[in-house]
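Asks:
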Amino acid sequence: MLFILAAGSVFFPGLFLLSKQCLKQLPGLGWSEGDAVMVSARLVSSIQAVMASSAGCIISTSCEDIIKDQHWLTTAYILFAVPYFVYDIYAMFLCYWHKLQVKGHEVDSGPKLKSVALASYLRREFLMVLHHVVMVTVCFPVSVFWRQGKGDYFQGVMFLAELSTPSVCLCKILIQYKLQHTLLHKVNGALMLITFFICRILLFPYLYYVYGSYASIPFYLVPLAVPWQCNVGAGLLMAPQLYWFSLICKGALRLFTGRSSRYRSPEGPASSCLDSQGSHPQSSQPANGYSSRMAALDMPITMSH
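Just so we're aligned: the sequence shown equals residues 1 to 305 in my numbering.
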């Protein structure tokens, strides 16, 4: 167990540093530190998403009995992914810090200004940071210990939620390099909307439906048949997904109805991953791309989803 945790603790930060150095040294790109940091962070997120989805596919297809069957990869990948959430909090702050520097609001990198930026980051990213902290402090022990080896199938299906993450990361990179008006951005936006809805919204009703079929009870009676902790956990996990999906829909509406071409986002937390007009993220935009007004689409990456 400790070995797997240590491997994850080395892998994700190491992959980030390696990709950042490679991107900075690639001939012809001339990328700055900030460019390399933001692209590397999204690359690591995409790789983690592919790994989690692959693990989920293997686990879910290997379990015939959705309650009793076990697969060694379930606990192994949970342990491996735990350090990712800690790393990602720091990576999101680095992205936020470099976004501020791009806009010229933080020309000094002194500790005082960094502490101010950190406070601003935690305010704007409260939901995402809280989400990551809960994944480590609550979902990790629940997934590894509380389940007592049962329900590996459900855990594997939850891993498949990561299928929506690569399109989110590509969306942010396209915005970063002024490619938000290209066909690729629109196709990727449509893919993001579809995968998020299927993998993160329909996921929860599907799990209840599968259990109902397994236990031979009607779908609407499943919440009464499962432990109350399962209902609470599902509700807490689904609530932010619904919020983020509403933001995605707003951004998609602006993008595909053409309203984004007439609307200029004011400076502040109004720029959108789908319909951003600016060449660089706004200085006060959250590091993970979310805002209360527009659909920036950096989906949460959780071990239990």
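The C-beta atom is built at its ideal place from N, Cα and C for all residues, glycine as well.
Is it buried or exposed, residue 129, if we count other Cβ atoms within 10 angstroms and call 16 or more buried?
Replies: Under this definition residue 129 is a buried residue.
Asks: With a threshold of 8 Å, are at least 3 pairs of Cβ atoms found where one atom belongs to the region 138-156 and the other to the region 9-28?
Replies: Too few Cβ pairs lie closer than 8 Å, so no.
Asks: My parser needs the alpha helix (DSSP H) runs of 4 or more residues fully inside the region 133-195; what are they?
Replies: The region 133-195 contains these whole alpha helix (DSSP H) runs: 152-159, 165-176.
Asks: State the CB to CB distance for the pair residue 252 and residue 193, rounded to an integer number of angstroms; the pair is presumed to be in contact (CB under 8 Å).
Replies: Contact holds; Cβ gap of about 5 Å.
Asks: Can you tell me which of the three DSSP states residue 97 falls into?
Replies: Helix.
Asks: Counting pairs of beta carbons, one from the region 41-53 and one from the region 158-172, are three or more of them closer than 8 Å?
Replies: A contact exists between the region 41-53 and the region 158-172.
Asks: Where does residue 27 sit, in a helix, a strand or coil, going by DSSP?
Replies: Residue state, collapsed to three classes: coil.
Asks: My guess is that residue 83 and residue 9 are in contact by the Cβ rule of under 8 Å, so how many angstroms apart are they, rounded?
Replies: Yes, they are in contact, since the Cβ atoms of residue 83 and residue 9 sit about 4 Å apart, within 8 Å.
Asks: Quick one, which of 99, 161, 78, 121 has its alpha-carbon nearest residue 140's?
Replies: Of the listed residues, the one whose Cα sits closest to residue 140 is 78.
Asks: Once the 5 residues before and after residue 258 are set aside, which same chain residues still bring their CB inside 7 Å of it?
Replies: Closer than 7 Å at Cβ, skipping near neighbours: no residue.
Asks: Considering only the beta carbon of each residue, do residue 17 and residue 23 sit closer than 8 Å?
Replies: Not a contact, by the Cβ cut-off of 8 Å.
Asks: Touching or not, the region 216-232 and the region 172-189, by the rule of three or more beta carbon pairs under 8 Å?
Replies: Counting Cβ pairs under 8 Å, fewer than three are found: no touch.
Asks: What does the alpha-carbon distance come out to for the pair residue 70 and residue 55?
Replies: Roughly 13 Å between the two C-alpha positions.
Asks: Using DSSP with H/G/I as helix, E/B as strand and the rest coil, what is residue 18?
Replies: Reduced to three states, the DSSP call for residue 18 is helix.
Asks: With distances taken from CA atoms, which of 46, 25, 45 is nearest residue 36?
Replies: Comparing Cα-Cα distances from residue 36 to each of 46, 25, 45, the minimum goes to 25.
Asks: Give the DSSP-derived three-state secondary structure of residue 5 in the structure shown.
Replies: If DSSP states are grouped into helix, strand and coil, residue 5 belongs with the helices.
Asks: For residue 35, does the three-state DSSP call read helix, strand or coil?
Replies: Helix at residue 35.
Asks: Spatial neighbours of residue 97 within its chain, please: C-beta separation below 6 Å, excluding the five flanking residues on both sides.
Replies: Hits under 6 Å: 117.
Asks: Verify whether the separation of the beta carbon atoms of residue 150 and residue 248 is less than 8 Å.
Replies: Not in contact: residue 150 and residue 248 (Cβ atoms no closer than 8 Å).
Asks: Helix, strand or coil: how does DSSP classify residue 216 here?
Replies: If DSSP states are grouped into helix, strand and coil, residue 216 belongs with coil.
Asks: Here's a check: name, in chain order, each residue in its chain whose Cβ is nearer than 7 Å to the Cβ of residue 152, leaving out the five neighbours to either side.
Replies: Once the five neighbours on either side are set aside, the close Cβ partners of residue 152 are 59, 63, 69, 70, 71, 74.
Asks: So, with DSSP's three-state summary, where would you put residue 68?
Replies: The answer is coil: DSSP assigns residue 68 none of H, G, I, E or B.
Asks: Just how far apart, CA to CA, sit residue 206 and residue 238?
Replies: One C-alpha to the other measures close to 13 Å.
Asks: Going by DSSP, what residue range makes up the alpha helix (DSSP H) through residue 245?
Replies: 228-257 is the span of the alpha helix (DSSP H), which, as asked, contains residue 245.
Asks: For residue 256 and residue 148, what's the separation of their Cα atoms in angstroms?
Replies: If I take the Cα positions, the gap works out to 47 Å.
Asks: Report back the beta-carbon spacing between residue 202 and residue 188 to the nearest angstrom; my notes put them in contact at under 8 Å.
Replies: Incorrect: roughly 20 Å between the Cβ atoms, too far for contact.
Asks: Hey, residue 95 and residue 38 are a contact pair by Cβ (cut 8 Å); roughly how many whole angstroms apart?
Replies: Confirmed, about 5 Å.
Asks: With a Cβ-Cβ cutoff of 8 Å, do residue 80 and residue 4 count as a contact?
Replies: Going by C-beta atoms, residue 80 is nearer than 8 Å to residue 4.
Asks: Do you know offhand how far residue 263's Cα is from residue 244's?
Replies: The predicted position of residue 263 is uncertain, since its pLDDT is 40 and thus under 50; no value can be drawn from it.
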